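Written below as structure tokens is the structure these notes are about.
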Amino acid sequence: MPVPVPEPVAAGADAAPAVVLRGITKRFAGIVANHDVDITVERGSVHAIVGENGAGKSTLMKTLYGMHRPDEGTITVDGSVVTLSSPADAIALGIGMVHQHFMLADNLTVLENVVLGSEPTRAGVIDLGAARRRITEISESYGLDVPADRLVEHLSVGQRQRVEILKVLYRGARILILDEPTAVLVPQEVDELFDNLRELRAEGLAVIFISHKLDEVLSVADRITVIRAGTTVATVDPADVTARDLAELMVGSELPVPELRESTVTDVVQLEVDGLTVRNADGRAVVDDLSLTIHQGEILGIAGVEGNGQAELVEAIMGMLPVEQGEVRLGGADVSGWGTRRRREAGVGYIPEDRHRHGLLLAAPLWENRMLGHQTRPPNVSSGWIDRSGARADTERIVQEYDVRTPGIDVPAAALSGGNQQKLIIGREMSGNPSVLIAAHPTRGVDVGAQGAIWEQLRAARAAGLAVLLISADLDELIGMSDRITVMLRGRLVADADPRTVTPEQLGAAMTGVGTPA
Amino acid sequence: MTARRESLRRIALTMGAAGIALVVSLLVSTVVLLLSDADPVEVFTEVVEYGQKPAQLVNMLNKGTGYYLSAIAVAIGFRMALFNIGVDGQYRLAAMLAAALGAAVSLPAPLHVLMIVVVAMAVGALWAGIAALLKVTRGVSEVISTIMLNAIAGSIVAYLLHPDRLAVSVAGSNNIGTEPLPASARVPGLRLAGTESRVFGMVIVAMLVGVGYWVLLNRTRFGFDLRATGQSPTAAIASGVDVRRMVVTTMLLSGAVAGLVGLPQLLGASYTYGLDFPAGIGFTGIAIALLGRNHPVGIALGALLWAFLEEASQILDLLEVSPEIVRIIQGTVVLSVVVVYELVRRYTISQQQRSVGEQLAAEEPAVEGARA
Numbered sequence: 233m234p235v236p237v238p239e240p241v242a243a244g245a246d247a248a249p250a251v252v253l254r255g256i257t258k259r260f261a262g263i264v265a266n267h268d269v270d271i272t273v274e275r276g277s278v279h280a281i282v283g284e285n286g287a288g289k290s291t292l293m294k295t296l297y298g299m300h301r302p303d304e305g306t307i308t309v310d311g312s313v314v315t316l317s318s319p320a321d322a323i324a325l326g327i328g329m330v331h332q333h334f335m336l337a338d339n340l341t342v343l344e345n346v347v348l349g350s351e352p353t354r355a356g357v358i359d360l361g362a363a364r365r366r367i368t369e370i371s372e373s374y375g376l377d378v379p380a381d382r383l384v385e386h387l388s389v390g391q392r393q394r395v396e397i398l399k400v401l402y403r404g405a406r407i408l409i410l411d412e413p414t415a416v417l418v419p420q421e422v423d424e425l426f427d428n429l430r431e432l433r434a435e436g437l438a439v440i441f442i443s444h445k446l447d448e449v450l451s452v453a454d455r456i457t458v459i460r461a462g463t464t465v466a467t468v469d470p471a472d473v474t475a476r477d478l479a480e481l482m483v484g485s486e487l488p489v490p491e492l493r494e495s496t497v498t499d500v501v502q503l504e505v506d507g508l509t510v511r512n513a514d515g516r517a518v519v520d521d522l523s524l525t526i527h528q529g530e531i532l533g534i535a536g537v538e539g540n541g542q543a544e545l546v547e548a549i550m551g552m553l554p555v556e557q558g559e560v561r562l563g564g565a566d567v568s569g570w571g572t573r574r575r576r577e578a579g580v581g582y583i584p585e586d587r588h589r590h591g592l593l594l595a596a597p598l599w600e601n602r603m604l605g606h607q608t609r610p611p612n613v614s615s616g617w618i619d620r621s622g623a624r625a626d627t628e629r630i631v632q633e634y635d636v637r638t639p640g641i642d643v644p645a646a647a648l649s650g651g652n653q654q655k656l657i658i659g660r661e662m663s664g665n666p667s668v669l670i671a672a673h674p675t676r677g678v679d680v681g682a683q684g685a686i687w688e689q690l691r692a693a694r695a696a697g698l699a700v701l702l703i704s705a706d707l708d709e710l711i712g713m714s715d716r717i718t719v720m721l722r723g724r725l726v727a728d729a730d731p732r733t734v735t736p737e738q739l740g741a742a743m744t745g746v747g748t749p750a
Numbered sequence: 006m007t008a009r010r011e012s013l014r015r016i017a018l019t020m021g022a023a024g025i026a027l028v029v030s031l032l033v034s035t036v037v038l039l040l041s042d043a044d045p046v047e048v049f050t051e052v053v054e055y056g057q058k059p060a061q062l063v064n065m066l067n068k069g070t071g072y073y074l075s076a077i078a079v080a081i082g083f084r085m086a087l088f089n090i091g092v093d094g095q096y097r098l099a100a101m102l103a104a105a106l107g108a109a110v111s112l113p114a115p116l117h118v119l120m121i122v123v124v125a126m127a128v129g130a131l132w133a134g135i136a137a138l139l140k141v142t143r144g145v146s147e148v149i150s151t152i153m154l155n156a157i158a159g160s161i162v163a164y165l166l167h168p169d170r171l172a173v174s175v176a177g178s179n180n181i182g183t184e185p186l187p188a189s190a191r192v193p194g195l196r197l198a199g200t201e202s203r204v205f206g207m208v209i210v211a212m213l214v215g216v217g218y219w220v221l222l223n224r225t226r227f228g229f230d231l232r233a234t235g236q237s238p239t240a241a242i243a244s245g246v247d248v249r250r251m252v253v254t255t256m257l258l259s260g261a262v263a264g265l266v267g268l269p270q271l272l273g274a275s276y277t278y279g280l281d282f283p284a285g286i287g288f289t290g291i292a293i294a295l296l297g298r299n300h301p302v303g304i305a306l307g308a309l310l311w312a313f314l315e316e317a318s319q320i321l322d323l324l325e326v327s328p329e330i331v332r333i334i335q336g337t338v339v340l341s342v343v344v345v346y347e348l349v350r351r352y353t354i355s356q357q358q359r360s361v362g363e364q365l366a367a368e369e370p371a372v373e374g375a376r377a
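Heads up: the sequence lines are chains A and Y, in that order.
Read in order, the letters of the first sequence correspond to residues 233 to 750 in the numbering used here.
Read in order, the letters of the second sequence correspond to residues 6 to 377 in the numbering used here.
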């Protein structure tokens with residue numbers, strides 16, 4: 233729901249806009265990543281830039297941060313036209329960037345991280361006292377509360393992000409670019425971040441906020457610019473639009489909805505995990521005496537802040553990680569001693585969290601990627617020999633049935649967009665009569681069109697009687713696509729939630745261990 | 006983009022890249038020749054003419070056979086991102102033990118040769134297997150262990166090649182070597198018109214190894230697992246490949262082929278493993294595998310080019326040019342091939358992404374070509 237926002241503060245209202253981009257065009261090797269981009273960012277405002285993955289948001293921000301030069305168009309900062317040849321130029325003009333992936337040294341303190349690279353010195357010696365005063369001053373004036381002497385490795389994700397913001401402010405930024413800042417945060421941390429952003433705005437800073445989460449954008453932004461297919465299609469006032477309007481502007485069509493139809497859950501248990509314990513290299517139990525069951529025709533959703541053992545749970549079920557204790561049963565058979573290959577042959581389909589690391593051979597053609605993970609079975613292989621025509625024909629089938637947008641099956645997987653890579657993986661994993669599907673973040677980094685298609689495939693898998701384990705950081709997806717939800721915290725399943733009644737906020741609270749879902 | 010057009014394009018690009026690399030190294034050599042006061046045109050003409058004489062062609066093929074086997078052994082590892090730097094130690098130990106054992110037994114002709122081949126492959130595989138075991142059980146990098154195993158193999162060979170142990174004096178010289186192989190263990194050479202020299206019969210075995218290498222890698226499940234592991238170990242594990250087992254199998258295979266490297270020389274010319282037995286072919290193989298991009302045909306061309314350059318160096322003395330210039334050419338060829346292929350690879354990827362983008366944009370006018 234849109235929150236009424238105060239008018240931009242007077243200090244910036246009559247001055248020149250903080251940033252004006254006019255007619256920005258950027259091409260890469262013949263692909264137009266941005267064209268005719270027009271954006272005006274006022275001082276003392278939060279300006280959101282929304283668009284699908286691949287719409288050109290990151291390219292645009294790299295242009296503004298001086299990481300590459302635009303082919304056409306002008307950049308005006310505080311009323312004067314500028315040329316940005318490097319991030320150093322941008323920083324000198326008071327432009328700062330908070331990257332999606334934090335760039336902090338874990339073994340240094342907050343204070344050391346903030347001053348790293350621009351240490352104040354007195355007579356050649358680092359003057360930490362001066363730095364500390366500056367940081368305290370900044371933290372107080374912007375409400376950024378971070379313990380200056382704590383090691384970064386002991387900070388929460390939200391605190392780390394504040395350190396990143398502090399770092400940028402410390403270097404004198406008056407224009408802040410935040411690239412997908414909420415992607416790594418749980419709902420409570422998102423609220424804290426937004427409070428910080430409002431403080432920054434009140435102090436007259438310009439904040440450029442890149443996101444594709446529309447509810448967040450509507451609640452924090454003063455102006456919203458929508459980017460589609462590389463260009464700005466509209467700039468709107470959050471009070472005038474709904475999330476649905478924005479989504480339609482972003483996609484150019486309607487948004488798919490994550491939802492399930494009538495229950496297909498049977499009473500036949502297909503996947504059972506019993507007392508599973510996995511230790512990491514330090515001997516800590518990352519999966520701690522965990523048990524779960526999934527029935528045929530059921531989707532079990534696992535909610536949790538990333539890094540609470542979900543990845544290890546998946547890899548242990550797939551037989552990719554050594555298990556210290558516990559059993560994995562597949563249709564009643566104990567498969568704990570089986571290798572990954574045998575488990576896959578027994579009917580476990582796997583949509584990995586990181587498709588580039590675990591799901592694809594990027595340099596290999598699509599039809600070889602269709603064989604990956606299925607290289608012991610027809611139609612790909614017969615008695616040790618690759619069946620090229622069989623594998624190729626079946627790849628054509630997957631491309632057809634799963635709507636993989638590709639000019640052919642001989643292009644390397646790297647040439648496809650993320651969504652199409654994911655559709656190929658799902659088509660592959662649904663081949664060969666699987667009985668269990670492990671889906672880790674199946675719609676991460678894919679466009680809205682592919683997202684709808686992937687949800688449809690999950691529904692089809694469920695209808696076909698598969699037991700599906702769904703792990704996702706997208707709580708709407710998790711709530712919409714699960715028959716049951718369970719919350720994972722520090723390697724244990726700590727709470728169950730009913731997807732028909734639970735809200736993302738309740739789940740978020742349970743994920744951080746501060747509350748229980750309804 | 007049909008499969009045929011795509012593969013034709015790839016072949017054209019590959020050949021083009023090889024051509025560019027050759028031109029670059031010729032230019033560098035020209036500069037070096039000019040700096041050393043020689044006439045490049047004269048030198049190149051003489052070298053090419055000399056290399057075309059039948060006797061030199063035979064020498065080239067014979068040298069090339071060993072290089073080829075060595076490069077295939079290295080390439081097997083390369084395809085799985087394993088660096089078998091130990092081919093040198095593997096083939097020397099294998100050739101010496103096979104020579105000694107071959108001279109000690111008596112068997113009918115085909116079996117005798119077969120036994121020597123099998124022994125050499127087994128020794129090569131075992132020696133490489135040590136590095137594989139160290140890697141999968143203790144996590145020792147195969148680069149380090151194979152280099153150290155080279156030194157150890159060298160010392161073992163030197164220890165055994167002593168008159169008190171496996172060596173005898175070679176008649177008419179102060180060389181020592183293993184007992185000469187009897188006639189039944191010798192592989193007859195092939196005739197080439199216009200010269201008395203014979204081409205090693207083992208050249209046929211080398212060709213078979215090349216074909217086998219290609220079939221194994223491109224047509225079998227094992228080969229798919231191997232290539233998948235080389236391209237992405239993480240994806241291979243997720244697909245069910247037992248990577249530790251693959252490391253062991255691949256190293257054994259690489260070592261077995263390495264065991265063959267010394268045999269063309271042993272069974273076709275020297276019939277004994279002496280102090281003067283060619284060393285260093287294992288390292289040459291690394292350069293040639295790079296040159297041939299791990300492809301059996303590319304490696305064959307690389308091995309022949311290498312052998313040709315080495316043969317050609319003999320005439321440079323007559324032209325009063327330092328034969329070391331050949332080393333410079335060889336070095337530049339490898340460097341420029343590596344650089345040019347990397348450029349071509351990047352160009353190909355961006356071309357492919359672009360053409361995929363264009364074709365999709367053409368199919369679907371509603372979606373503009375902005376998806377990078």
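Glycine included, every Cβ here is placed at the ideal spot set by N, Cα and C.
Note that the structure is predicted; figures quoted are calculated from it, not measured.
R226(Y): CB within 6 Å of a non-hydrogen atom of the ligand ATP: Here there are no bound small molecules, and the ligand ATP is not part of this structure.
C-alpha gap between T289(Y) and G144(Y), whole angstroms: Within the second sequence, residue 289(Y) is the residue found at index 284, counting from 1. Within the second sequence, residue 144(Y) is the residue found at index 139, counting from 1. Rounded to the nearest angstrom, the two C-alpha atoms are 27 Å apart.
Spatial neighbours of A543(A) in its chain, beta-carbon cut-off 8 Å, leaving aside the 5 residues before and after: Stepping through the first sequence from its first residue, residue 543(A) is reached at position 311. These residues qualify, in order along the chain: E585 and A672.
Beta carbon of A438(A) nearer than 7 Å to that of I409(A): For this step, residue 438(A) is matched to residue 206 along the first sequence. For this step, residue 409(A) is matched to residue 177 along the first sequence. No. Outside cutoff.
R249(Y) versus R226(Y) - alpha carbon distance: Counting from one through the second sequence, the residue named residue 249(Y) turns up at place 244. Counting from one through the second sequence, the residue named residue 226(Y) turns up at place 221. Approximately 17 Å, taken between the alpha carbons.
G558(A) - DSSP class collapsed to helix/strand/coil: Translated into the one-based positions of the first sequence, residue 558(A) becomes position 326. In this structure, G558(A) counts as strand in the three-state DSSP scheme.
Helix, strand or coil at S621(A) according to DSSP, with G and I counted as helix: Position 389 of the first sequence, counting from 1, holds the residue named residue 621(A). Correct three-state label for S621(A): helix.
Any beta strand (DSSP E) of 3 or more consecutive residues that is wholly inside the stretch 461-532 of chain A: Positions of the beta strand (DSSP E) runs, each at least 3 residues long and wholly inside the stretch 461-532 of chain A, are given as 463-468, 501-511 and 517-527 in order along the chain.
Alpha carbon of V680(A) to alpha carbon of I658(A), nearest angstrom: Looking up residue 680(A) in the first sequence gives position 448. Looking up residue 658(A) in the first sequence gives position 426. Straight-line spacing of the CA atoms in V680(A) and I658(A) works out to 16 Å.
Neighbour flag for F83(Y) against chain A, beta carbons, 7 Å: In the second sequence, counting from the first residue as 1, residue 83(Y) sits at position 78. It does not; no Cβ of chain A falls within 7 Å.
R142(Y) at chain A interface by Cβ criterion, 7 Å: Here residue 142(Y) corresponds to residue number 137 of the second sequence, with the count starting at 1. Per the sequence presented here, residue 142(Y) reads as Thr, with Arg not at that position. By this cut-off, T142(Y) is not an interface position.
Runs of alpha helix (DSSP H) wholly within the stretch 558-637 of chain A (minimum 4 residues, chain order): Taking only runs of at least 4 residues, the alpha helix (DSSP H) segments lying wholly in the stretch 558-637 of chain A are 572-577, 598-603 and 620-633.
Start-end ranges of the beta strand (DSSP E) lying completely within the stretch 315-380 of chain A, minimum 3 residues: Annotation: the stretch 315-380 of chain A contains the following complete segments of the beta strand (DSSP E) (minimum length 3 residues), in chain order: 327-330.
Cut-off 8 Å between Cβ atoms - residues of its own chain near V264(A), not counting five sequence neighbours on either side: Here the question's residue 264(A) lines up with position 32 in the first sequence. Within the same chain, V264(A) has close Cβ partners T257, K258 and G462.
Contact the stretch 292-308 of chain Y vs the stretch 65-79 of chain Y: 3+ CB pairs below 8 Å: Between the stretch 292-308 of chain Y and the stretch 65-79 of chain Y there are three or more C-beta pairs closer than 8 Å, enough to call the two in contact.
Three-state secondary structure (DSSP) of V192(Y): In the second sequence, residue 192(Y) corresponds to position 187, counting from 1. Three-state result, V192(Y): coil.
Any chain Y beta carbon closer than 7 Å to T464(A): Residue numbering aside, residue 464(A) sits at position 232 when the first sequence is read from its first letter. Chain Y contact via Cβ: absent.
Minimum length 3: unbroken beta strand (DSSP E) runs contained in the stretch 243-308 of chain A: Runs found: 251-260, 263-273 and 277-282.
Beta-carbon proximity check, G132(Y) vs L87(Y), cutoff 7 Å: Sequence index remark: in the second sequence, residue 132(Y) carries index 127 (1-based). Sequence index remark: in the second sequence, residue 87(Y) carries index 82 (1-based). Note that residue 132(Y) is Trp in the sequence shown, not Gly. No, they are not a contact pair.
Where E369(A) falls, given that 16 or more other Cβ within 10 Å makes a residue buried: As a first step, residue 369(A) must be located in the first sequence, where it is residue number 137. The residue is exposed, with fewer than 16 neighbouring Cβ atoms inside 10 Å.
Where Q689(A) falls, given that 16 or more other Cβ within 10 Å makes a residue buried: By one-based count along the first sequence, residue 689(A) stands at place 457. Buried, by the Cβ-count rule.
For L296(A) and V252(A), the rounded distance between their alpha carbons: Start at 1 with the first residue of the first sequence, and residue 252(A) comes out as number 20. Start at 1 with the first residue of the first sequence, and residue 296(A) comes out as number 64. In this structure, the CA atom of V252(A) is about 10 Å from the CA atom of L296(A).
For V123(Y), the nearest candidate out of V141(Y), A136(Y), A103(Y) and L138(Y) (CA to CA): Here residue 123(Y) refers to the residue found at position 118 when the second sequence is read from its first residue. The option with the nearest alpha carbon to V123(Y) is A103(Y).
Proximity winner among L387(A), G605(A) and R676(A), relative to D337(A) (alpha-carbon distances): As a working mapping, residue 337(A) is identified with position 105 in the first sequence. In the sequence under discussion, the amino acid at residue 337(A) is Ala, which differs from the Asp named in the question. The option with the nearest alpha carbon to A337(A) is L387(A).
For A284(Y), the three-state DSSP class (helix, strand or coil): Position 279 of the second sequence, counted from the start, is the residue given in the question as residue 284(Y). Of the three classes helix, strand and coil, the one that applies to A284(Y) here is coil, per DSSP.
Residues in the stretch 579-605 of chain A having any Cβ partner in chain Y nearer than 7 Å: Here the close residues are Y582, P584, R589, H590, G591, L592, L593, A595, A596, M603, L604 and G605.
Three-state secondary structure assigned by DSSP to M85(Y): Taking the first residue of the second sequence as 1, we reach residue 85(Y) at position 80. When DSSP states are grouped into helix, strand and coil, M85(Y) belongs to the coil group.
Within-7 Å CB hit, I16(Y) to chain A: Here the question's residue 16(Y) lines up with position 11 in the second sequence. No, I16(Y) lies away from the interface with chain A (no Cβ there is under 7 Å from its Cβ).
For S355(Y): DSSP bridge partner residues: In the second sequence, counting from the first residue as 1, residue 355(Y) sits at position 350. Answer by DSSP bridge pairing: none, since S355(Y) is not bridged.
Of the listed residues L698(A), R493(A) and L417(A), nearest to N665(A) (C-alpha basis): Within the first sequence, numbered from 1, the residue matching residue 665(A) stands at position 433. Taking each of L698(A), R493(A) and L417(A) in turn and checking the Cα distance to N665(A), the smallest one comes out for L698(A).
Short CB-CB distance (under 7 Å) between A233(Y) and chain A: Working through the second sequence from its first residue, we reach residue 233(Y) at position 228. Under the Cβ distance rule, A233(Y) counts among the residues neighbouring chain A, one pair being separated by less than 7 Å.
Where I618(A) meets chain Y, residues with beta-carbon distance less than 9 Å: Within the first sequence, residue 618(A) is the residue found at index 386, counting from 1. Simply N223, R224, T225, R226, G228 and F229.
Contact set between the stretch 642-668 of chain A and chain Y, restricted to residues whose Cβ is under 8 Å from the partner: Under the 8 Å Cβ criterion, the stretch 642-668 of chain A contributes D642, V643, P644, A646, A647, L648 and S649.
Bounding residues of the alpha helix (DSSP H) (the contiguous stretch that carries T322(Y)): As a working note, residue 322(Y) is residue 317 in the second sequence. In the sequence as presented, Thr is not what sits at residue 322(Y); that position holds Asp. Unbroken alpha helix (DSSP H) run through D322(Y): P301 to L323.
Per-residue burial, R232(Y) [other beta carbons within 10 Å of its own, 16 or more giving buried]: Against the second sequence, residue 232(Y) aligns to sequence position 227. It counts as buried.
Cα-Cα separation, G255(A) to N266(A): Within the first sequence, numbered from 1, the residue matching residue 255(A) stands at position 23. Within the first sequence, numbered from 1, the residue matching residue 266(A) stands at position 34. CA-to-CA, the gap between G255(A) and N266(A) works out to about 9 Å.
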